[in-house]
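**Student:** Attaching a single structure in structure tokens format; questions to follow.
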């Protein structure tokens, strides 16, 4: 039995990441070119947190692959009242072809993957948001024609899941990743070390700074995220700390003239990004949102092709 999971960005090698992105482009050009879940086979799509784009993109992706998306709200399931993860996954993996989970701590998803006999996909944890990065990389390559050698600057909370996934996933793609964040909101040092190690093999680089202007200078991609994530209660203090990192026309003006703007959404106009930038001509945010579906569809096809279920099973 060989099962491939996608728990975090570095579960894909640089070559494998490229395979998924190439497949995503092909499935965007022909949305029904793959019927990898025809049957239909079922994919469990679980939510511990509210979701719009993740829910829609995964459900549409599974349906267009010929499968059936079984949406499960964790709060109304036995998992929500404290059933052990192992007990849940031992039932799911006997009936479903894959498990997609949007949850809290990364350790929860890692535990599920350690037990599951079908692919487990990280649809967001507190530490990583790797499916979003696949969509972002697809969008950057569409707009710039390449990935390796480009500079991507992320502005905002350097300690959140988007910053961590930009570091690891961007380094895997050979990007020069700059994280611009205020003191006290820096990325996990272990993740920075991991990203630096990957970048050393791909020609990319990693920079963490509290200088937003220098971070944006000459960049080909400017990205940001909400300053207050789900479950955080210190909104007022965070907004004060992040104010100098608002993505506005002045910072965009320091970037390369061909620079594009990304935001994983939901966005708060006037907070982390101005309406002028979010809705402006350099915004690629809506392509980015669409590409969640294409990239995740490609990821599911790729994971299923690389996985061999237990003997005698055909999920």
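In the numbering used here, the protein residues as written are 17 to 331. Positions of the beta carbon are idealized from the N, C-alpha and C atoms, including for glycine.
Restricting to runs no shorter than 4 residues, where is the alpha helix (DSSP H) found entirely within the region 128-195?
**Tutor:** Fully enclosed alpha helix (DSSP H) runs of 4 or longer: 146-160, 177-188.
**Student:** By the three-class DSSP mapping on this structure, what secondary structure does residue 279 have?
**Tutor:** As a working mapping, residue 279 is identified with position 263 in the chain shown. In this structure, residue 279 counts as strand in the three-state DSSP scheme.
**Student:** For residue 288 versus residue 171, is the C-beta distance shorter than 9 Å?
**Tutor:** To locate residue 288, count along the chain shown from 1; it is residue 272. To locate residue 171, count along the chain shown from 1; it is residue 155. Going by C-beta atoms, residue 288 is nearer than 9 Å to residue 171.
**Student:** Please report the residue range of the beta strand (DSSP E) in which residue 62 lies.
**Tutor:** Position 46 of the chain shown, counted from the start, is the residue given in the question as residue 62. Residues 58-63.
**Student:** When you compare only the Cα positions, how much space is there between residue 295 and residue 160?
**Tutor:** The residue labelled residue 295 in the question sits at position 279 within the chain shown. The residue labelled residue 160 in the question sits at position 144 within the chain shown. Distance between the alpha carbons of residue 295 and residue 160 is about 19 Å.
**Student:** What's the gap between the Cα of residue 190 and the Cα of residue 28?
**Tutor:** As a position in the chain shown, residue 190 is number 174, starting the count at 1. As a position in the chain shown, residue 28 is number 12, starting the count at 1. About 13 Å.
**Student:** Let me know the secondary structure DSSP gives residue 285 once reduced to three states.
**Tutor:** The residue given as residue 285 occupies position 269 in the chain shown. Of the three classes helix, strand and coil, the one that applies to residue 285 here is strand, per DSSP.
**Student:** Output needed for residue 148: all residues of its chain with C-beta closer than 8 Å, excluding positions within five of it in sequence on either side, in chain order.
**Tutor:** On the chain shown, position 132 is the one that residue 148 refers to. Contacts found: 140, 178, 181, 280, 308.
**Student:** Within the same chain, show all residues whose beta-carbon is closer than 6 Å to that of residue 44, passing over the 5 residues directly before and after it, in chain order.
**Tutor:** Here residue 44 corresponds to residue number 28 of the chain shown, with the count starting at 1. Closer than 6 Å at Cβ, skipping near neighbours: 310.
**Student:** Between the Cα of residue 37 and the Cα atoms of 316, 325, 324, 323, which residue gives the shortest distance?
**Tutor:** Here residue 37 corresponds to residue number 21 of the chain shown, with the count starting at 1. For residue 37, the nearest C-alpha among the options comes from 316.
**Student:** DSSP state of residue 81, grouped into three classes?
**Tutor:** Position 65 of the chain shown, counted from the start, is the residue given in the question as residue 81. Of the three classes helix, strand and coil, the one that applies to residue 81 here is coil, per DSSP.
**Student:** Given this structure, state the Cα-to-Cα distance separating residue 250 from residue 174, to the nearest angstrom.
**Tutor:** Residue mapping note: residue 250 aligns to position 234 of the chain shown, counting from 1. Residue mapping note: residue 174 aligns to position 158 of the chain shown, counting from 1. Approximately 16 Å between the Cα atoms of the pair.
**Student:** Okay, do the region 48-59 and the region 80-99 touch, 3+ Cβ pairs below 8 Å being the bar?
**Tutor:** Yes, the region 48-59 is in contact with the region 80-99.
**Student:** Taking Cβ positions, are residue 228 and residue 187 nearer each other than 9 Å?
**Tutor:** To locate residue 228, count along the chain shown from 1; it is residue 212. To locate residue 187, count along the chain shown from 1; it is residue 171. Contact flag unset, no.
**Student:** If you count every other CB in all the chains shown that lies within 10 Å of the CB of residue 413, and 16 or more means buried, which is it?
**Tutor:** What is shown of the chain runs 17 to 331, which leaves residue 413 out entirely.
**Student:** Do the region 215-230 and the region 162-169 make contact, defined as three or more Cβ pairs closer than 8 Å?
**Tutor:** Yes: at least three Cβ pairs fall under 8 Å.
**Student:** Entirely within the region 213-254 and at least 4 residues each: give me those alpha helix (DSSP H) ranges in chain order.
**Tutor:** Listed in chain order, the complete alpha helix (DSSP H) runs (minimum 4 residues) inside the region 213-254 are 228-232.
**Student:** Whose C-beta lies closer than 6 Å to the C-beta of residue 206 among residues of the same chain, with five residues either side of it excluded?
**Tutor:** Here the question's residue 206 lines up with position 190 in the chain shown. Around residue 206: no qualifying Cβ.
**Student:** Which residues does DSSP pair with residue 120 in a beta bridge?
**Tutor:** Here the question's residue 120 lines up with position 104 in the chain shown. The partner list for residue 120 (beta bridge, DSSP) is empty, contrary to what the question assumes.
**Student:** Would residue 132 pass as a contact of residue 108 if the rule is Cβ separation under 9 Å?
**Tutor:** In the chain shown, counting from the first residue as 1, residue 132 sits at position 116. In the chain shown, counting from the first residue as 1, residue 108 sits at position 92. Yes, these two residues count as a Cβ contact at 9 Å.
**Student:** Would you kindly work out how many angstroms separate the C-alpha atoms of residue 240 and residue 118, rounded to a whole number?
**Tutor:** One-based indexing of the chain shown puts residue 240 at position 224. One-based indexing of the chain shown puts residue 118 at position 102. Residue 240 and residue 118: Cα-Cα distance of roughly 20 Å.
**Student:** Determine the burial state of residue 17: buried for a count of at least 16 other Cβ atoms within 10 Å of its Cβ, exposed for fewer.
**Tutor:** Working through the chain shown from its first residue, we reach residue 17 at position 1. Looking at its Cβ environment, which holds fewer than 16 other Cβ atoms inside 10 Å, residue 17 is exposed.
**Student:** On the criterion of 16 or more Cβ atoms from any shown chain inside 10 Å, does residue 185 qualify as buried, or is it exposed?
**Tutor:** Residue mapping note: residue 185 aligns to position 169 of the chain shown, counting from 1. The residue in question, residue 185, is buried, as its Cβ has 16 or more Cβ neighbours within 10 Å.
**Student:** Could you tell me the alpha carbon to alpha carbon distance between residue 53 and residue 35, rounded to whole angstroms?
**Tutor:** Walking along the chain shown from the start, residue 53 turns up at place 37. Walking along the chain shown from the start, residue 35 turns up at place 19. Distance between the alpha carbons of residue 53 and residue 35 is about 19 Å.
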